[in-house]
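Residue numbers (the working numbering): 23 to 553.
We put the beta carbon where it would ideally sit given N, CA and C, even for glycine.
Model, not experiment: these values are computed from the prediction.
So the structure is just underneath, and the comments pick up after that.
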């Protein structure tokens, strides 16, 4: 198709059908109807009818009194549809001769002839378009090593289970298992499979299932380099009745380790994203900057994440996850004081609520709102939001763990500890600041040796909690010289801690008696002038 010719109606309709029939076009039935509606209206010459109101009524069944200023359904779904189209053209449609796009700021589609690039230009480059919509992954059908074709069903079932579990992580682009099943029984070259499927990562492995046990070996592969970046084996005793439970347990462990906020994929991509100049950042790079901040908790990482996320929402105002992360940052700034920003908690609430409004099923957006309620001291709303957040994915290690962490610091020790331990078990790469809650649990019981052991696992030397936790435990243990050294480190971080300590501690520890016990421990450690 010549680059200067406008496509015919027939070509446009054929391209629309190609997209709608593709397994790589991951859009809901309503979003597909949305796309079909706006394309057909444009082809029929009714562009003036393509407005938020007509889409809401014709596609989403809204009543005649629909107000787009009150109900953002069309704006939200348009953003998701744009991302679905973007992913399609990065994968199955990368060589299509016609592009259908929906420019931001409206709903009228545009149609562009496209000349496929040469092989060199199509080379996988995770620093460009391949990452613009978030990390992408495919589960290659697991190999059945049992030598018994009757056991094939278990390998196929686990492949489906892993794919479904990955799909619960909203910022991941997961290739449908129908698309990967054609690779079953074939030797797979990671680089070629990455190009064919349009993904950055492959999850592969094997299954040996006999009458006594199930052994599963999994591998995570980087398609740009063909490097195996992780591998693990799982062996579970089994009975015929518990095969489904075995599949679920293994998939929770595997996916939690690789796809969680603190999982292997996020950590790898975050490291690469930090090499980029600010002007080269894409929307998902801002998300990676946030994840890096969460692992560092330093003023420098905070500032970089803040700037990147502000750029992201300016480029894409419908990006709910980015708004939620902005809310999370402002809530952290209220509690930790990284920089001078007016009304941080009010901004945190506004941004978190916007994130939830745009992406109500996004678990991290809900978690950001939970954090704001925690810092507001609104325990009733906090507990309600915690349960709603967990219900979206009860096996997401970070969100489940951090929910338990907050609950423990609010005095809900038993329920919180169960959740925290579950999150830590599902992902061995959990954040070390999780140990603040386990420290407080030991401390309140008077188990000072155990508390000190937890303090040594905290490992955030730039946060006042690090030396404070050690000082309090050492003070109660009567180890004065070590306690005094920890107090000196504390005062280097917070010179006026003697006067502000209770206020700073209580931003996280919501049990008044426990705050008093911590202050008493600081006195024993040698801190004078405590208020």
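- Contact check for residue 380 and residue 98: beta-carbon distance about 6 Å, within the 8 Å limit, so the pair qualifies.
- Looking at the DSSP output, residue 244 shares a beta bridge with 223 and 249.
- Pairing residue 505 with residue 550 gives a Cβ-Cβ distance that is not under 8 Å.
- The Cβ-Cβ distance between residue 69 and residue 34 does not fall below 8 Å.
- The DSSP-derived three-state label of residue 368 is helix.
- In this chain, the beta strand (DSSP E) harbouring residue 158 covers 158 to 161.
- Around the CB of residue 266, fewer than 16 other CB atoms lie within 10 Å, so the residue is classed as exposed.
- Going by C-alpha positions, residue 30 is about 22 Å away from residue 104.
- With fewer than three CB-CB distances shorter than 8 Å, the stretch 407 to 427 does not count as touching the stretch 124 to 132.
- CA-to-CA, the gap between residue 377 and residue 465 works out to about 36 Å.
- Counting other Cβ atoms within 10 Å of its Cβ, residue 311 reaches 16 or more and is therefore classed as buried.
- In this structure, residue 463 lies near residue 439, with their beta-carbon atoms less than 8 Å apart.
- Here residue 233 is exposed: its Cβ has fewer than 16 other Cβ atoms, across all protein chains shown, within 10 Å.
- In terms of Cβ geometry, residue 387 and residue 343 form a close pair [threshold 8 Å].
- CA-CA distance, residue 516 to residue 544, rounds to 14 Å.
- According to DSSP, residue 95 shares a beta bridge with no other residue.
- If only uninterrupted alpha helix (DSSP H) runs of at least 4 residues are considered, those enclosed by the stretch 177 to 223 are 199 to 202 and 212 to 219.
- Judged by beta-carbon spacing, residue 350 lies within the 8 Å limit of residue 390, meaning their Cβ atoms are closer than that value.
- The DSSP-derived three-state label of residue 517 is coil.
- Closest in C-alpha terms to residue 454, from the list 547, 398, 481 and 32, comes 481.
- The DSSP assignment places 95 to 112 as complete runs of the alpha helix (DSSP H) inside the stretch 77 to 128, in order along the chain (cut-off: 4 residues).
- For residue 258, the beta-bridge partners assigned by DSSP are 236.
- Secondary structure note for residue 134: its beta strand (DSSP E) is the uninterrupted segment 132 to 135.
- By the beta-carbon neighbour count (other beta carbons within 10 angstroms, threshold 16), residue 450 is exposed.
- Residue 229 sits in a strand when the DSSP states are folded into three classes.
- Look at residue 166 here: in three-state DSSP terms it is strand.
- Around the Cβ of residue 249, a 10 Å sphere holds fewer than 16 other Cβ atoms; the residue is exposed.
- In this structure, the alpha-carbon of residue 366 lies about 45 Å from that of residue 268.
- Residue 174 and residue 259 have their alpha carbons spaced roughly 18 Å apart.
- Between residue 512 and residue 493, the gap from beta carbon to beta carbon is short of 8 Å.
- Between residue 59 and residue 80 a beta carbon distance of about 6 Å is seen, short of the 8 Å cut, so the two are scored as contacting.
- Remark: C-beta atoms of residue 278 and residue 164 do not approach each other more closely than 8 Å.
- With distances taken between CA atoms, residue 274 lies nearest to 446 out of 345, 446, 408 and 394.
- Using a Cβ distance threshold of 8 Å, residue 360 and residue 321 count as a contacting pair.
- Residue environment for residue 199: buried (at least 16 other C-beta atoms within 10 angstroms of its C-beta).
- In the three-state DSSP reduction, residue 452 falls in the coil class, being neither helix nor strand.
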